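Numbering (my numbering), first residue to last: 32 to 363. Accompanying notes for the structure given below.
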Ligand SMILES: Nc1ncnc2c1ncn2[C@@H]1O[C@H](COP(=O)(O)OP(=O)(O)OP(=O)(O)O)[C@@H](O)[C@H]1O
Ligand SMILES: [Mg+2]
């Protein structure tokens with residue numbers, strides 16, 4: 032293929048998310064360079080294509096079609112992981128738990144030689160914006176697994192027995208196609224267990240989910256997230272091999288977050304001062320302020336992030352949160 036055509040194919044494939052076409056065209060490019068005698072360049076390009084850290088790497092592309100519900104709507108959304116562990120600031124204890132979990136998966140062969148399996152089911156609990164979903168994505172990225180997000184409310188159907196079938200289809204999919212199955216906001220379903228009233232079908236569904244969780248086979252990881260640890264009963268906790276508890280960042284973590292989230296520009300601000308201002312804030316809020324401040328610095332033409340940019344971004348966020356709070360109060 033002529034080089035201009037190869038480049039066109041590459042860009043088209045990237046824009047449309049057609050990974051198979053992208054890989055095909057990229058391999059063509061490698062061969063072209065090799066034919067021209069540019070062995071070093073060809074080797075380098077080839078190594079980049081094979082990079083095992085590439086989130087949802089090439090192995091992830093040949094997945095089976097996702098299961099669909101009665102109305103033909105997909106029960107899962109399949110995508111590449113959107114976060115790396117490097118993007119996160121986590122307390123040491125959480126970091127160690129995650130590393131331990133990943134270590135087992137990296138040594139799956141050794142474990143299996145002793146008839147053992149890595150832990151597979153992980154529950155991530157903590158307040159909003161503390162990094163639960165991001166950590167699930169980072170685990171998937173580290174293991175080059177795609178992320179299959181199941182929206183639990185979407186799985187529920189008014190037809191008798193349909194919901195349990197949907198949930199089973201999702202779990203069977205995860206058993207046959209390696210992925211990280213993300214049951215986000217798991218408490219929405221799990222807490223229904225204890226709800227009195229006419230929720231017979233939902234209770235049966237929860238019982239099915241818990242039972243299916245117990246028996247998950249295959250190489251996939253099941254990650255569930257929840258904001259309400261206290262609302263999940265012991266029957267739920269017991270089904271998970273690992274429970275990780277998240278919290279809002281302490282002063283040191285705030286400083287690390289500020290540095291990390293503004294790494295794209297020169298930093299000229301007093302991180303210690305800002306860590307006091309952000310006391311009790313979520314990592315997500317800190318990220319929002321940093322992104323906003325970086326935009327302001329770039330638009331300033333300075334690309335040098337100063338206290339003034341952070342102050343303006345901080346005021347905007349506080350204003351938004353006040354409006355949100357006010358909205359909630361007038362709603363009630
Ligand atoms: N510990 C953290 N370190 C770095 N970034 C973080 C951290 N926690 C959250 N973020 C950032 O904040 C945003 C929201 O995080 P995330 O969606 O993981 O929160 P969550 O705990 O799942 O919240 P929710 O309970 O509302 O679903 C993401 O863009 C993520 O990168
Ligand atoms: Mg989340």
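All residues carry an ideal CB built from backbone N, CA and C; glycine is no exception. Predicted, not measured: the structure shown is a model, and the values here were computed from it.
Taking all protein chains shown into account, decide if residue i is buried (16 or more other Cβ within 10 angstroms of its Cβ) or exposed.
i	result
residue 90	Only weak support exists for where residue 90 lies, its pLDDT of 47 falling under 50; the value from the coordinates is given anyway. By the 10 Å Cβ count, residue 90 comes out exposed.
residue 334	exposed
residue 197	buried
residue 289	buried
residue 229	Only weak support is given to the placement of residue 229: the predicted model assigns it a pLDDT of 48, under 50, and the value that follows is read from those uncertain coordinates. So residue 229 counts as exposed.
residue 279	buried
residue 257	buried
residue 311	exposed
residue 34	exposed
residue 172	buried
residue 295	exposed
residue 148	exposed
residue 117	exposed
residue 68	exposed
residue 127	exposed
residue 224	Low per-residue confidence applies at residue 224: pLDDT is 49, beneath 50, and the placement is therefore not dependable, though the value from the model is reported in the following sentence. The residue in question, residue 224, is buried, as its Cβ has 16 or more Cβ neighbours within 10 Å.
residue 152	buried
residue 58	exposed
residue 352	exposed
residue 140	exposed
residue 367	Coverage of the chain is limited to positions 32 through 363, which leaves residue 367 absent and any answer about it impossible.
residue 318	buried
residue 192	exposed
residue 208	buried
residue 316	buried
residue 178	buried
residue 124	exposed
residue 114	buried
residue 243	buried
residue 265	exposed
residue 261	exposed
residue 251	buried
residue 146	exposed
Starting from residue i, trace the beta strand (DSSP E) both ways and give me its first and last residue.
i	result
residue 298	297 to 299
residue 125	Careful: residue 125 lies outside any beta strand (DSSP E), inside the alpha helix (DSSP H) at 123 to 137.
residue 335	335 to 337
residue 178	178 to 181
residue 276	273 to 276
residue 213	211 to 214
residue 107	107 to 110
Enumerate in chain order the residues of its own chain whose CB-to-CB distance from residue i is below 7 Å, with the five nearest sequence positions on each side excluded.
i	result
residue 345	308, 320
residue 93	Reliability fails at residue 93, whose pLDDT of 48 lies under 50, so the model's placement of it is uncertain and no value is given.
residue 8	Residue 8 lies beyond the range of the chain shown here (32 to 363); nothing can be said about it.
residue 162	119, 121, 277, 314
residue 164	215, 256
residue 297	334, 335, 336
residue 142	135, 148, 149
residue 303	286
residue 53	41, 44, 45
Within a Cβ cutoff of 6 Å, which residues of the same chain sit near residue i, ignoring the five residues on either side of it in sequence?
i	result
residue 249	206
residue 255	154, 214, 217
residue 100	106, 197
residue 181	107, 201, 214
residue 80	57
residue 240	198
Measure how close the beta-carbons of residue i and residue j come, nearest whole angstrom, since I'm counting them as under 8 Å.
i	j	result
residue 158	residue 306	Contact doesn't hold; Cβ gap of about 18 Å is too wide.
residue 324	residue 341	5 Å
residue 60	residue 71	Contact flag wrong, Cβ pair sits at about 15 Å.
residue 112	residue 169	7 Å
residue 132	residue 246	In fact, because the Cβ distance is near 20 Å, the residues do not count as touching under 8 Å.
residue 4	residue 136	Nothing in the structure corresponds to residue 4, since the chain is present only between 32 and 363.
residue 204	residue 98	5 Å
residue 253	residue 129	Not confirmed; about 15 Å, so no contact.
Hey, could you find the ends of the alpha helix (DSSP H) residue i is sitting in?
i	result
residue 256	Not the alpha helix (DSSP H): residue 256 falls in the beta strand (DSSP E), residues 252 to 257.
residue 152	Per DSSP, residue 152 belongs to no alpha helix (DSSP H); it is in the beta strand (DSSP E), 152 to 156.
residue 289	282 to 292
residue 187	From DSSP, residue 187 is part of no alpha helix (DSSP H); its letter is neither H nor E.
residue 330	314 to 331
residue 410	Residue 410 lies beyond the stretch modelled for the chain, which goes from 32 to 363, so this question has no answer here.
residue 67	No alpha helix (DSSP H) contains residue 67, which DSSP labels as neither H nor E.
residue 310	Where residue 310 is concerned, there is no enclosing alpha helix (DSSP H), given that its DSSP letter is neither H nor E.
residue 266	265 to 269
Output needed for residue i: all residues of its chain with C-beta closer than 8 Å, excluding positions within five of it in sequence on either side, in chain order.
i	result
residue 331	340
residue 65	73
residue 87	Residue confidence for residue 87 is low, a pLDDT of 46 falling below 50, so the modelled location carries little weight; the figure read from the coordinates is stated next. 110, 111, 112, 171, 172, 175, 176, 177, 178.
Give the residues whose C-beta lies closer than 6 Å to at least one heavy atom of ligand 2, in chain order. Residues with their Cβ less than 6 Å from any non-hydrogen atom of ligand 2, running along the chain, are 163, 164, 215, 256.
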